[in-house]
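S.K.: Have a look at the structure that comes next, please.
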Amino acid sequence: MHPEMGGKDAVKRRSLFVLITAIFLILSSCVQTAVDETALACSQNNIIVLKNCVLIDGTGASPRRSAEIMIRGGKLAKITTRGKIKVPRGSKVLDLKGAVVLPGFINAHVHRAYDSSNLQNWLNGGVTTVRDLAPLGIYDFIKARDEFNKNPKNSRIVSATPIMSVPGGYDGTDYYNSPEDARNKVLNYIDKGVDIIKFSIEDELQGRQWTLPTYEEVKSIVDTAHSGKKKVSVHIMHARNLRWAIDAGVDDVAHMVVEPVDSGTINDMIKKNIYWIPTLELIKGVSEMHSLDWDVIAADNLSKFYKAGGKIALGTDFGGYMCNFDRGFPKTEVLLMQKAGMKNMDIIVAGTKNAAIVCGLSKEIGTIEEGKKADILVVNGDPLSDIKALFNASMVIHNGTIIKK
Ligand SMILES: [Zn+2]
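Numbered according to the numbering used here, the sequence shown spans residues 64 to 468.
Structure (structure tokens):
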């Protein structure tokens, strides 16, 4: 029906209908607050004030005692010391009685993230973000990421592409045949909204030979990703294959290598600001299953890289192999990093600030700084004197929503 056919009353009725529909739509979008991250905009005035805590902010700075943190609209609005926050009426004020507040942790190398049970285990353990480095068997992973990320009870997913490789190359599901083909495939993923580009440089693993890409193909992947402002993570497990990754300028290497790495290679990685993700839990699992000494070599390599000043981000490779992995907080990985010689504070930075950097999200998460998302892990006990204090979250806040207390 055309409007001119209904007369004045019909026009009025229609205007009223449009108005009511509009009000209904606005209200229903706010009602979703409990389950919908985007609806947090409706709770802009929901203020939480954390009082009387010790703040380890993830930057590596010394702990701040008597800290106070104001969370508003899902973000860290104010961070100060005792008595400096004017608490607005209606705020939820929590006295943490000297508990330690840290940024939510980030596991920068997992698989099987497109799974509510895994995501909720992580979040309850204080891991507020996971970087999935190849969606195994999930076709429309970008859409799945967006759906899972709407629910504040899920740890946030950062999505990498499937492992890109040449035909016959290590464990790919998406193959390129030339530098141009690699470029087009990377551009296509960026168009679709992927967060991270993942590829492999691997010639022998799991008792099999794999075809290597050419250096031109490696360079094409890295340059194209960087032109689209995306980070590149590369699967490498042999020291001999690091050279092309370093020369092409990847952002991180997704495993510690399992043959001794020389100091020249380590220094070149440091010069290029390439992060290393040890995945010691995976390497321990593989070593135990196949009676290998990879765990000893990997710990030694990590120790050398750490002592030389290399940057390390925490990641376990959860779900990337058939061995067992910790669910929730990455306890085994943290203990193995400590055993390899890392100081507790540096392990915390690896699991927060540095892991946020390899996710390409350093402006939004990873440290407790004003303006960032309110992703918080609260623990009792001092993780600087006993790293195991991290293993028992007494409270978790994700995007400003209290998940566990
Ligand atoms: Zn993996």
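We treat Cβ as the ideally placed atom computed from N, Cα and C, and that holds for glycine.
Looking only at its chain, what residues have a beta carbon closer than 8 Å to the beta carbon of I450, apart from the 5 residues adjacent to it on each side?
M.R.: So the qualifying residues of the chain are V397, L398, Q401, N407 and I410.
S.K.: Applying the criterion that 16 or more other CB atoms from any shown protein chain within 10 Å of the CB defines a buried residue, is L355 buried or exposed?
M.R.: It is exposed - the Cβ of L355 has fewer than 16 other Cβ atoms within 10 Å.
S.K.: Note down the Cα distance separating E210 from L424, rounded to an integer number of angstroms.
M.R.: Their Cα atoms are separated by approximately 19 Å.
S.K.: If you compare alpha carbons, which of I259, R246 and H301 is closest to Q272?
M.R.: Residue H301 is the option with its Cα nearest to Q272.
S.K.: From which residue to which residue does the alpha helix (DSSP H) around M385 run?
M.R.: Run containing M385: none; DSSP gives neither H nor E here.
S.K.: Apart from the five residues on each side of it in sequence, which residues of its chain come closer than 6 Å, Cβ to Cβ, to P215?
M.R.: Cβ neighbours of P215 beyond the five flanking positions: E100, H461, N462 and T464.
S.K.: Among the candidates V164, C422 and S179, whose CA atom is the shortest distance from the CA of A437?
M.R.: The shortest C-alpha separation from A437 is found at V164.
S.K.: Of the choices K468, A413 and D178, whose alpha-carbon is the least far from that of D315?
M.R.: It is A413 whose Cα lies nearest to the Cα of D315.
S.K.: Give the secondary structure of L88 by DSSP, where H, G and I count as helix, E and B as strand, and everything else as coil.
M.R.: With a pLDDT of 44 at L88, under the threshold of 50, the predicted position of this residue should be treated as unreliable, and no value is reported.
S.K.: Is A130 near ligand 1, going by C-beta to nearest heavy atom under 7 Å?
M.R.: It does not: the Cβ of A130 is nowhere closer than 7 Å to a heavy atom of ligand 1.
S.K.: Determine which residues share a DSSP beta bridge with N170 and list them.
M.R.: Beta-bridge pairing links N170 to V193.
S.K.: For the alpha helix (DSSP H) containing S366, list its first residue and its last residue.
M.R.: Segment W357 to K370, the alpha helix (DSSP H) holding S366.
S.K.: Counting by C-beta, which residues lie closer than 7 Å to a heavy atom of ligand 1, in chain order?
M.R.: Qualifying residues, in the order they occur: H172, H174, L196, A197, H298, A317, D380 and G383.
S.K.: If you follow the beta strand (DSSP E) that S129 is in, where does it begin and where does it stop?
M.R.: Counting along the chain, the beta strand (DSSP E) containing S129 begins and ends at R127 to R135.
S.K.: If you run the structure through DSSP and keep just helix, strand and coil, what is M319?
M.R.: Reduced to three states, the DSSP call for M319 is coil.
S.K.: Give the DSSP bridge partners of Y338, in chain order.
M.R.: Looking at the DSSP assignment, Y338 forms a beta bridge with D315.
S.K.: Apply the 10 Å Cβ neighbour rule to D203 and answer buried if 16 or more other Cβ atoms are within range, or exposed otherwise.
M.R.: Per the 10 Å Cβ criterion, exposed.
S.K.: With distances taken Cα to Cα, identify the nearest neighbour of S218 among A418, E279 and W185.
M.R.: Taking only the C-alpha atoms, the option nearest S218 is W185.
S.K.: Report yes if the C-beta distance between P341 and N170 is below 8 Å; otherwise report no.
M.R.: For P341 and N170, no; Cβs fall outside 8 Å.
S.K.: Just list the residues that DSSP pairs K255 with in beta bridges.
M.R.: Answer by DSSP bridge pairing: none, since K255 is not bridged.
S.K.: Mark T84 as exposed unless 16 or more other C-beta atoms lie within 10 angstroms of its C-beta, in which case mark it buried.
M.R.: Unreliable placement is indicated for T84, whose pLDDT of 47 sits below 50; the coordinate value is still reported in the next sentence. By the 10 Å Cβ count, T84 comes out exposed.
S.K.: Using a Cβ-Cβ cut-off of 6 Å (strictly less than) and excluding sequence neighbours within five positions of N455, which residues of its own chain qualify?
M.R.: Result list for N455: empty, nothing under 6 Å.
S.K.: Are L139 and E433 closer than 8 Å when you measure CB to CB?
M.R.: Yes, Cβ-Cβ distance for L139 and E433 is below 8 Å.
S.K.: Among Y238, N109 and D244, which residue has its Cα nearest to the Cα of R152?
M.R.: It is N109 whose Cα lies nearest to the Cα of R152.
S.K.: With C-beta atoms as the reference, is I299 less than 8 Å away from A311?
M.R.: No; because the gap between Cβ atoms is not below 8 Å, this pair is not in contact.
S.K.: Just to confirm the assignment, what range does the alpha helix (DSSP H) spanning I205 have?
M.R.: Element bounds for I205: F204 to F211.
S.K.: Indicate the three-state DSSP secondary structure (helix, strand or coil) for N304 in the structure shown.
M.R.: Looking at N304 - three-state DSSP - the assignment turns out to be helix.
S.K.: Since G383 and L343 should fall inside the 8 Å C-beta cutoff, what is the C-beta to C-beta distance between them, to a whole number of angstroms?
M.R.: In fact, because the Cβ distance is near 13 Å, the residues do not count as touching under 8 Å.
S.K.: Touching or not, the segment 191–198 and the segment 166–183, by the rule of three or more beta carbon pairs under 8 Å?
M.R.: At 8 Å Cβ cutoff, the stretches touch.
S.K.: Quick check on A302 - is its C-beta less than 8 Å from some C-beta in chain D?
M.R.: Annotation note: the requested chain D is absent from the structure, which comprises a single protein chain.
S.K.: Quick one: grab the DSSP three-state call for A288.
M.R.: Reduced to three states, the DSSP call for A288 is helix.
S.K.: Do K374 and N336 count as a contact pair if the criterion is CB distance below 8 Å?
M.R.: Closer than 8 Å, so yes.
S.K.: Quick one: what's got a C-beta closer than 7 Å to A34's C-beta in the same chain, skipping five residues either side?
M.R.: What the structure shows of the chain is the stretch from 64 to 468, and residue 34 is not part of that stretch, so it cannot be assessed.
S.K.: Exposed or buried, D254, counting other C-beta atoms within 10 Å across all chains shown (16 or more means buried)?
M.R.: That one is exposed.
S.K.: From R128 to E351, what distance separates their C-alpha atoms?
M.R.: Those two C-alpha atoms are separated by around 43 Å.
S.K.: Who are the near neighbours of Y369 in its chain, counting only those whose CB is closer than 8 Å to its CB and skipping five residues on each side?
M.R.: So the list reads I375, A403, G404, M405 and D409, once near-sequence residues are dropped.
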